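1 is the number of the first residue of the sequence shown in UniProt numbering; add one for each residue after it. Every residue gets a Cβ at the ideal spot worked out from N, C-alpha and C, and that includes glycine. No experiment lies behind these values; they were computed from the predicted model shown. Some notes on the structure that comes next.
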Amino acid sequence: MDRVKSRRAEQRRTTRRRIVEEALRLFVGQGYAATTLEQIADRAGVAVQTVYFHFGNKRGVLAEGLDVLTAGDDEPVPLIERPWALQATGEPDPAGSLRIWVGNARVIFERVAPLMRVLRDAAGADPEMAVTWETNQRQRHADHLALARHLAEIGGLRDGMSSERAGDLVYALVSPETYQLLTEQRRWSPAEWESWVYETLSRSLLRGC
C-alpha cells in the first residue's frame with residue numbers, strides 16, 4: 001500500500017512538473033495574458049481539469065513556476081534555507097559571505113530573469129498578479145535583510161551602516177531589474193554583472209573595503 005501511495009505521489013509530482021515546464025515556455029514565449037489554461041493543458045498533454053486540480057488557476061501555475069526557477073527545483077524548501085544561503089549566512093568572513101550570496105544570485109537570475117519580466121508585466125494588468133509580485137518583492141527583501149543582519153552580527157558592516165540600510169542596498173543591487181538592465185539592454189555578461197555588484201556592495205557595506 002505504501003508503495004502504491006508513493007508511486008501515485010511521484011506521478012502527481014511528475015504531472016505538476018510537466019505542467020509548470022510547458023506553462024513557463026508559453027509565458028515567456030507569448031506572454032501571460034495571451035496564454036490560456038487550455039494551451040497549457042494541451043502542451044502538457046493533460047486535461048484542463050488536471051491543471052485546475054493542481055493549481056486552481058493560471059496565476060497558481062506562474063507562481064509555482066517562479067518558485068521552481070528561483071530555487072532550481074520543486075523541493076518545498078525556502079530559499080533562505082537552501083544550502084548555499086545557509087553557507088552564506090554562516091560564513092565568518094564578510095567578504096566571503098557576500099561573494100557567495102552574489103554569485104548564487106547570478107545563477108538564479110540567469111534562470112528566472114525572463115519570467116520576472118512576465119510577472120512584472122502581468123502585475124500591471126491583473127490585481128491578483130500584482131499581489132503575487134508584491135509578495136515576491138517582500139520575500140526577496142527579507143532574504144537580503146537576513147544576509148545584512150549576518151554581516152552585522154560578525155562585525156562586517158562599516159561604521160554607521162545599519163543592517164536595515166545594508167539590506168536595502170543589497171535588495172536594490174541584487175535584483176532582477178539591475179540584472180536585466182545590464183545584461184540585456186547594455187549587453188554585459190552575467191560574470192561582469194556579478195563582479196560589479198560584488199565590488200559595489202563591498203565598497204558600500206563592508207568594513208575595511
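Is it buried or exposed for LEU119, if we count other Cβ within 10 angstroms and need 16 for buried?
-> The residue given as residue 119 occupies position 119 in the sequence shown. Its Cβ being crowded by 16 or more others within 10 Å, LEU119 is buried.
Go through the region 116-186 residue by residue and report every complete run of the alpha helix (DSSP H) that reaches 4 residues or more, in order.
-> Taken in chain order, the whole alpha helix (DSSP H) runs of length 4 or more contained in the region 116-186 are 127-153, 163-173, 176-180.
According to the Cβ coordinates, are LEU201 and LEU169 closer than 8 Å?
-> Looking up residue 201 in the sequence shown gives position 201. Looking up residue 169 in the sequence shown gives position 169. It is a contact, given that the beta carbons lie within the stated cut-off.
Which value, in whole angstroms, describes the spacing of the CA atoms of GLY45 and ILE19?
-> The residue labelled residue 45 in the question sits at position 45 within the sequence shown. The residue labelled residue 19 in the question sits at position 19 within the sequence shown. For GLY45 and ILE19, the distance between alpha carbons rounds to 8 Å.
With 16 other Cβ atoms within 10 Å as the buried cut-off, status of residue 210 | Absent from the structure is residue 210, since the part of the chain shown begins at 1 and ends at 209.
So, using beta-carbon positions, are LEU115 and LEU24 closer together than 8 Å?
-> In the sequence shown, residue 115 corresponds to position 115, counting from 1. In the sequence shown, residue 24 corresponds to position 24, counting from 1. Closer than 8 Å, so yes.
Is the distance from the Cβ of HIS144 to the Cβ of SER97 below 8 Å?
-> Here the question's residue 144 lines up with position 144 in the sequence shown. Here the question's residue 97 lines up with position 97 in the sequence shown. Not a contact, by the Cβ cut-off of 8 Å.
Rounded C-alpha distance that separates SER189 from TYR171 | Here residue 189 refers to the residue found at position 189 when the sequence shown is read from its first residue. Here residue 171 refers to the residue found at position 171 when the sequence shown is read from its first residue. The alpha-carbon of SER189 is positioned some 21 Å away from that of TYR171.
Got a sec? Which residues, its chain only, sit under 7 Å from ALA63 by beta carbon, not counting five neighbours each side?
-> In the sequence shown, residue 63 corresponds to position 63, counting from 1. Excluding positions up to five away in sequence, the list reads THR132.
Nearest to TYR198 (by Cα), restricted to the options ARG99, MET161, GLY155, ASP121 = Mapped onto the sequence shown, residue 198 falls at position 198. Taking only the C-alpha atoms, the option nearest TYR198 is ARG99.
Residue environment, VAL112, which counts as buried when at least 16 other CB atoms sit within 10 Å | Taking the first residue of the sequence shown as 1, we reach residue 112 at position 112. Classification of VAL112: buried, given that the 10 Å Cβ count is 16 or more.
Which one or two residues does DSSP pair with LEU206 in a beta bridge?
-> Taking the first residue of the sequence shown as position 1, residue 206 is located at position 206. Its beta-bridge partners are LEU157.
Determine the closest residue to GLU110 out of HIS141, ASN57, ALA191, with distance taken between C-alpha atoms.
-> Locating residue 110 in the sequence shown gives position 110, where the first residue counts as 1. Out of HIS141, ASN57, ALA191, the CA that lies nearest to the CA of GLU110 is found in ALA191.
Helix or strand or just coil, what does DSSP make of TRP188?
-> In the sequence shown, residue 188 corresponds to position 188, counting from 1. TRP188: coil per DSSP, three-state reduction.
Alpha carbon of LEU173 to alpha carbon of TRP193, nearest angstrom | Position 173 of the sequence shown, counted from the first residue, corresponds to residue 173. Position 193 of the sequence shown, counted from the first residue, corresponds to residue 193. Rounded to whole angstroms, LEU173 to TRP193 spans 10 Å at the Cα level.
What is the DSSP secondary structure of ARG106, reduced to helix, strand or coil?
-> Within the sequence shown, residue 106 is the residue found at index 106, counting from 1. Correct three-state label for ARG106: helix.
Locate the alpha helix (DSSP H) running through LEU66, then write down its first and last residues.
-> Position 66 of the sequence shown, counted from the start, is the residue given in the question as residue 66. Unbroken alpha helix (DSSP H) run through LEU66: 58-71.
Looking only at its own chain, which residues have a Cβ that is under 8 Å from the Cβ of THR178, when we skip the five neighbours before and after it?
-> Position 178 of the sequence shown holds residue 178. Excluding residues within five positions, the ones whose Cβ falls inside 8 Å are ALA172, TRP193, VAL197.
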